[in-house]
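Below you'll find the structure, written out as structure tokens, and then a few comments.
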Amino acid sequence: MGVVTGGASGIGRSLAEGLAAEGAAIVVADVDEAGLSETVKRIEARGGRALAVRTDVSDRAQVQALADRAFSALGRVHVLCNNAGVAIWGGLETATHRDWEWTLGVNLWGVIHGLEAFLPRMIAQREGGHVVNTASMAGLIASQGLGIYNTSKYAVVGLSETLAKDLKSYGIGVSVLCPMGVATQIRASERNRPAKLRNETPAPAPVDLIGRTLDPDTVAAMTIAAIKDNRLYVITHEEGLEPLRRRFQRLEQAILARKP
Ligand SMILES: NC(=O)c1ccc[n+]([C@@H]2O[C@H](COP(=O)([O-])OP(=O)(O)OC[C@H]3O[C@@H](n4cnc5c(N)ncnc54)[C@H](O)[C@@H]3O)[C@@H](O)[C@H]2O)c1
């Protein structure tokens, strides 16, 4: 039994379909109701079971209501995928308060709300389980023009690393998904920005990504394999290796060259 937020599109839809193909009944949550219906239709067409619950993950009460619906519909929840997210581009020096509120509301508070709503009941089940938090390679490497997104995703990586330690004794595993480019609608994230958090000026254009653009089904398959093996890091692109190495070399250098 699984719950996937951001399940109306992209990686979330692929995760929902992939988990359903493994035999799990799925609750998909998203703000995009048409996209949710399509996900449910696709799962049902292959003989799976799925339920859509419209949910804005930045709203704590809505995520609590999602958990209530999920536990009453499924009885138990074993896999929780906190995946809903939005991307935003532009220099930190020009970021607006609304930019911060929107992005952290979905990408960070969305994950926190998911944990608050689901974890107590997952622990009480005493059957173990797994939490997947979708971060990004942008949660491990900072890029110019991606500062708000970097902030949100670094937080999700840190949270997940600690969560894995905290939940170990309950038999609940944690994976943090850190992809580079994936062929989804992420570059059109502004479509989901609520009117009250829109800027008066148009959003800066997305920056070009380095590395390959993977298919979301491939990323979902890698994530499901990591759930089965209980692996913490799901790093989907080998192109991430060099920038990660350079980052750790800089950290090492900071220690070696410290003064006084
Ligand atoms: N596509 C990439 O290149 C890439 C790379 C790294 C990380 N990610 C992360 O993957 C996750 C999934 O994104 P995707 O690439 O599939 O993009 P996507 O835009 O195709 O899907 C994201 C989904 O989240 C939903 N969503 C947005 N705001 C929401 C809210 N407030 N409440 C509930 N749902 C909301 C959207 O409606 C959409 O269905 C995100 O966390 C994203 O940051 C994507």
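Everything in the sequence shown is counted per our numbering, starting at 164 for the first residue and increasing by one. Built from N, CA and C at the ideal position, the CB exists for glycine as well. From a predicted model like this one, the values you see are computed outputs, not experimental measurements.
Proximity of Arg217 and Glu196 at Cβ, strictly below 8 angstroms: Position 54 of the sequence shown, counting from 1, holds the residue named residue 217. Position 33 of the sequence shown, counting from 1, holds the residue named residue 196. Cβ atoms of Arg217 and Glu196: closer than 8 angstroms.
Is Gly248 near ligand 1, going by C-beta to nearest heavy atom under 7 angstroms? For the purposes of this step, residue 248 is taken as residue 85 along the sequence shown, with counting starting at 1. Yes, since a heavy atom of ligand 1 falls inside the 7 angstroms radius drawn around the Cβ of Gly248.
Beta carbon of Pro406: closer than 7 angstroms to some heavy atom of ligand 1? For the purposes of this step, residue 406 is taken as residue 243 along the sequence shown, with counting starting at 1. No.
Following a CB-centred definition, is Ser159 positioned closer than 7 angstroms to any heavy atom of ligand 1? With the chain running from 164 to 423 in the structure shown, residue 159 is simply not present.
Within the continuous alpha helix (DSSP H) that includes Arg205, where are the two ends? On the sequence shown, position 42 is the one that residue 205 refers to. Taken as a continuous stretch (DSSP letters only), the alpha helix (DSSP H) holding Arg205 covers 196 to 208.
Give a yes or no on contact between the region 286 to 301 and the region 231 to 244, applying the rule of three or more CB pairs nearer than 8 angstroms. Taking a contact to require three or more Cβ pairs closer than 8 angstroms, the region 286 to 301 and the region 231 to 244 qualify as touching.
For Pro342, which residues from the same chain have a beta carbon less than 6 angstroms from its beta carbon, with the 5 sequence-adjacent residues on both sides left out? Position 179 of the sequence shown, counted from the first residue, corresponds to residue 342. Excluding residues within five positions, the ones whose Cβ falls inside 6 angstroms are Val382, Thr399.
Nearest-angstrom Cβ-Cβ length linking Ala368 and Trp263, presumed shorter than 8 angstroms: One-based indexing of the sequence shown puts residue 368 at position 205. One-based indexing of the sequence shown puts residue 263 at position 100. Not quite, the Cβ-Cβ distance comes to about 20 angstroms (not below 8 angstroms), so this is no contact.
Compute every distance between the C-beta of Ser338 and the non-hydrogen atoms of ligand 1, then say whether any falls below 7 angstroms. Numbered from 1 along the sequence shown, position 175 holds the residue referred to as residue 338. Outside the cutoff, so no.
Would you mind working out which of Gly181, Gly238, Ala280, Asn393 sits nearest Gly210, comparing C-alpha positions? Against the sequence shown, residue 210 aligns to sequence position 47. Of Gly181, Gly238, Ala280, Asn393, the residue nearest in Cα terms is Gly181.
Please confirm whether any heavy atom of ligand 1 lies closer than 7 angstroms to the CB of Pro342. As a first step, residue 342 must be located in the sequence shown, where it is residue number 179. Pro342 Cβ: within cutoff of ligand 1.
Ligand 1 and Tyr227: does the residue's C-beta get closer than 7 angstroms to at least one heavy atom of that ligand? The residue labelled residue 227 in the question sits at position 64 within the sequence shown. Here residue 227 turns out to be Gln, not Tyr, going by the sequence shown. Not so, every heavy atom of ligand 1 lies at least 7 angstroms from the Cβ.
Local Cβ density within 10 Å of Ala213, reported as buried at 16 or more and exposed below that: Sequence index remark: in the sequence shown, residue 213 carries index 50 (1-based). Buried is the call here.
Which listed residue (Tyr312, Ala327, Ala358) has its alpha carbon closest to that of Arg350: Numbered from 1 along the sequence shown, position 187 holds the residue referred to as residue 350. Here the closest residue by C-alpha is Tyr312.
Short of 6 angstroms in beta carbon distance, which residues of its chain neighbour Met300, apart from the five on each side in sequence? Order them along the chain. Your numbering for residue 300 matches position 137 in the sequence shown. Cys341, Met343, Gly403, listed in sequence order.
Return the residue from the list Val337, Lys422, Ala298, Val203 that minimises the CA-CA distance to Ala327. Counting from 1 along the sequence shown, the entry for residue 327 is found at position 164. Ranking Val337, Lys422, Ala298, Val203 by Cα distance to Ala327 puts Val337 first.
According to the Cβ coordinates, are Val339 and Ser315 closer than 8 angstroms? Along the sequence shown, read from residue 1 onward, the residue named residue 339 stands at position 176. Along the sequence shown, read from residue 1 onward, the residue named residue 315 stands at position 152. Not a contact, by the Cβ cut-off of 8 angstroms.
Starting from Val295, follow the beta strand (DSSP E) in both directions and report where the run begins and ends. Taking the sequence shown and counting its residues from 1, one reaches residue 295 at position 132. Note, Val295: beta strand (DSSP E), 292 to 297.
For Ala417, which residues of its own chain have a beta-carbon under 7 angstroms away from its beta-carbon, when the five flanking residues on both sides are left out? On the sequence shown, position 254 is the one that residue 417 refers to. Nothing meets the Cβ criterion.
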